[in-house]
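Novice: In this note's numbering, the protein residues as written are 92 to 313.
Take this structure first; my questions come after.
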Ligand code: CO
């Protein structure tokens, strides 16, 4: 058997020992349930860990990862994760974390047929089209690439804010707040893009207001 594969079980044994040394009840507590405050949506890239780079422990963050941290309304996986996190776990913060050097974003900037990946990358190409005026003005290819990474995070945040479950819960208890971050692996630092949740919500509400209150108003009109 592959040595590095077997090493994982050795690592796990040590991890269990360490956790029990720190706290004899660690696994008893872990098994008793979860109530994380954060939902983290990030890239599948092996270099961009979620818990580790945020310094969070097991049980503290609900995680969803896919290529280029995309939230697409037709993707049952990410939308189910968000719905569950918002309605059942009642997370207070939803974080979309992109990263510079993202292969998915790079592929979307490359004029090539990527087969099955095409519809996935289309979402990022759509972000490019939405912001082409700004992006086309950037002559440095690296800077353009970095900016598309940031804009992709911003647009995925907007996709989350468009969701009915997010709007409904926000009206009820002012949570969850959606945040956009970029991980810079050259420095290891997280950069907060300071997404203005309230402003985005009020800007998109004319079109994407899916809250029951509005639905009720429409019913009354009929
Ligand atoms: Co990536």
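In this text, a Cβ means the ideal position worked out from N, Cα and C, and glycines have one as well.
Should the segment 172-186 be called in touch with the segment 151-159, which here means at least 3 C-beta pairs below 8 Å?
Specialist: The segment 172-186 vs the segment 151-159: in contact.
Novice: Check the C-beta distance from residue 249 over to residue 295 and give it rounded, since I have them as a contact under 8 Å.
Specialist: Sequence index remark: in the chain shown, residue 249 carries index 158 (1-based). Sequence index remark: in the chain shown, residue 295 carries index 204 (1-based). That belief holds up - the Cβ atoms of residue 249 and residue 295 are roughly 7 Å apart, short of 8 Å.
Novice: Distance check for residue 260 and residue 302, CA to CA, integer angstroms please.
Specialist: Here residue 302 refers to the residue found at position 211 of the chain shown. Here residue 260 refers to the residue found at position 169 of the chain shown. Computed Cα separation, rounded: 9 Å.
Novice: Hey, residue 262 and residue 272: beta-carbon distance below 8 Å or not?
Specialist: One-based indexing of the chain shown puts residue 262 at position 171. One-based indexing of the chain shown puts residue 272 at position 181. For residue 262 and residue 272, no; Cβs fall outside 8 Å.
Novice: Would you identify the three-state DSSP class for residue 244, choosing helix, strand or coil?
Specialist: Taking the chain shown and counting its residues from 1, one reaches residue 244 at position 153. If DSSP states are grouped into helix, strand and coil, residue 244 belongs with the helices.
Novice: Ends of the alpha helix (DSSP H) at residue 209?
Specialist: Within the chain shown, the letter at position 118 stands for residue 209. Where residue 209 is concerned, the enclosing alpha helix (DSSP H) stretches over 209-221.
Novice: In whole angstroms, give me the CA-to-CA distance for residue 160 and residue 138.
Specialist: One-based indexing of the chain shown puts residue 160 at position 69. One-based indexing of the chain shown puts residue 138 at position 47. Spanning the two alpha carbons is a distance of roughly 14 Å.
Novice: Which one or two residues does DSSP pair with residue 299 in a beta bridge?
Specialist: Along the chain shown, read from residue 1 onward, the residue named residue 299 stands at position 208. DSSP output for residue 299 lists no bridge partner at all.
Novice: For residue 287 and residue 245, what's the separation of their Cα atoms in angstroms?
Specialist: Along the chain shown, read from residue 1 onward, the residue named residue 287 stands at position 196. Along the chain shown, read from residue 1 onward, the residue named residue 245 stands at position 154. Near 10 Å, if we compare the C-alpha coordinates of residue 245 and residue 287.
Novice: Could you name the residues of the same chain whose beta carbon sits closer than 6 Å to that of residue 162, not counting the 5 residues immediately before and after it, in chain order?
Specialist: For the purposes of this step, residue 162 is taken as the residue at position 71 of the chain shown. Contacts found: 169, 247, 250, 251.
Novice: Quick one: what's got a C-beta closer than 8 Å to residue 312's C-beta in the same chain, skipping five residues either side?
Specialist: In the chain shown, the residue the question calls residue 312 occupies position 221. Residue placement at residue 312 cannot be trusted, given a pLDDT of 47 that sits under 50; what the coordinates show is reported in the next sentence. Cβ within range, chain order: n/a, list empty.
Novice: Between residue 190 and residue 134, which are expected to be in contact by the criterion C-beta below 8 Å, what is the C-beta distance as a whole number of angstroms?
Specialist: Working through the chain shown from its first residue, we reach residue 190 at position 99. Working through the chain shown from its first residue, we reach residue 134 at position 43. Right, their Cβ atoms sit about 6 Å apart.
Novice: Are the beta-carbon atoms of residue 196 and residue 267 separated by less than 8 Å?
Specialist: In the chain shown, the residue the question calls residue 196 occupies position 105. In the chain shown, the residue the question calls residue 267 occupies position 176. Cβ distance not < 8 Å, so residue 196 and residue 267 don't count as in contact.
Novice: Opposite residue 186 in the DSSP bridges: which residues?
Specialist: Numbered from its first residue, the chain shown carries residue 186 at position 95. Partner(s): 131, 270.
Novice: Can you pull every residue whose C-beta falls closer than 6 Å to some heavy atom of the ligand CO, listed in chain order?
Specialist: After applying the 6 Å Cβ criterion, the set is 134, 136, 159, 190, 193, 194, 195.
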